[in-house]
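In our numbering, the protein residues as written are 27 to 195. C-beta atoms are modelled at their ideal positions from N, C-alpha and C, and glycine is treated no differently. Take a look at the structure set out below.
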Amino acid sequence: MKLQSLSTKKPSLKTFLIFFLIILIPNILRQIYYFIVVNKFNSVDFIASFETQKIFSSSFPFLGIGEEIIIGLVYVFLWYNFSSTRFLVYGWITDALIDFISVFVWVLIGFTPIQLVTSNPYLRFFLREIFFSYLVFGILFAKLKLDVKKLSFVFTGIGVVLLLIIAFV
């Protein structure tokens, strides 16, 4: 895959940071989900990502926020510099939505949707973290050129509603 550089002028720092914050919101909410659910249920079984399981099993669960910030900065840089990589931003915010739904289902029935499909942790990781988020929805949403900012707010809204329900379960 050849990276296509955008010939348009580079965004201002303000534009870059606003876009970064908008797409960071659902991903920070994901970390809040993890923190609340890990503390409420004393389990990391619902987390597909191996490094995130380690983070939330440690004494430093807020390292996840740092991880999200780094990923977000890289993805925003790529968004403004290489149009062929825009699917990564769509995939990243969709990854947060899939996490909201997965954690919600796990709280309700004790299994994430992917855990119902396979018990293999490597296949679960691939399906949850790569296949659905980036390869299916990331590419689809990028091809459709959906408004990523609106999508981020919609996904965050869904996440907030599901988190409020989790808080009262």
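Alpha-carbon to alpha-carbon, residue j and residue i
i      : j      : result
Leu188 : Lys36  : 37 angstroms
Phe157 : Phe103 : 23 angstroms
Tyr116 : Leu39  : 21 angstroms
Arg150 : Phe88  : 24 angstroms
Glu94  : Ile191 : 24 angstroms
Pro52  : Val180 : 9 angstroms
Pro139 : Asp125 : 10 angstroms
Leu170 : Gly185 : 23 angstroms
Thr78  : Lys66  : 17 angstroms
Ser85  : Ile62  : 15 angstroms
Leu43  : Leu166 : 25 angstroms
Gly136 : Phe152 : 20 angstroms
Val174 : Val162 : 16 angstroms
Asn68  : Gln141 : 18 angstroms
Ser83  : Ser178 : 28 angstroms
Val131 : Lys176 : 25 angstroms
Rounded distance between the beta-carbons of residue j and residue i, thought under 8 angstroms
i      : j      : result
Val183 : Thr120 : The sequence given here places Gly at residue 183; Val does not occur at that position. Not really, about 14 angstroms apart at Cβ, beyond 8 angstroms.
Gln57  : Ile91  : 5 angstroms
Val195 : Val133 : 6 angstroms
Tyr60  : Ile73  : 6 angstroms
Trp118 : Tyr106 : About 15 angstroms; that fails the 8 angstroms criterion.
For residue i, the first and last residue of its enclosing alpha helix (DSSP H)
i      : result
Asn65  : 39 to 67
Arg150 : 147 to 151
Ala74  : It is not in any alpha helix (DSSP H) - Ala74 carries neither H nor E in the DSSP assignment.
Tyr116 : 113 to 135
Leu104 : 89 to 107
Ser178 : 174 to 193
Lys23  : The shown model of the chain, from 27 to 195, leaves out residue 23, and the question about it has no answer.
Ile140 : 139 to 143
Residue i versus the options, residue with shortest Cα-Cα distance
i      : options                      : result
Leu47  : Gln57, Gly98, Ala74          : Gly98
Ser110 : Ser69, Ile49, Val195, Tyr160 : Tyr160
Leu114 : Val143, Glu155, Asn146       : Glu155
Ser145 : Ser83, Val64, Lys175, Asp71  : Asp71
Arg18  : Tyr148, Leu172, Phe152       : Not covered by the structure: residue 18. The range shown for the chain is 27 to 195.
Phe76  : Lys176, Pro147, Leu177       : Pro147
Residue burial classification, residue i (beta-carbon count within 10 angstroms, cutoff 16)
i      : result
Thr41  : exposed
Leu123 : buried
Ile81  : buried
Ser33  : Interpretation of Ser33 is limited by its pLDDT of 48, a score under 50 that renders its predicted location unreliable; the figure taken from the coordinates is listed afterwards. Exposed, since its Cβ has fewer than 16 Cβ neighbours within 10 Å.
Ala168 : buried
Met27  : With a pLDDT of 48 at Met27, under the threshold of 50, the modelled position of that residue is not reliable, and the figure given next carries that caveat. Flag for Met27 reads exposed.
Val143 : exposed
Phe45  : buried
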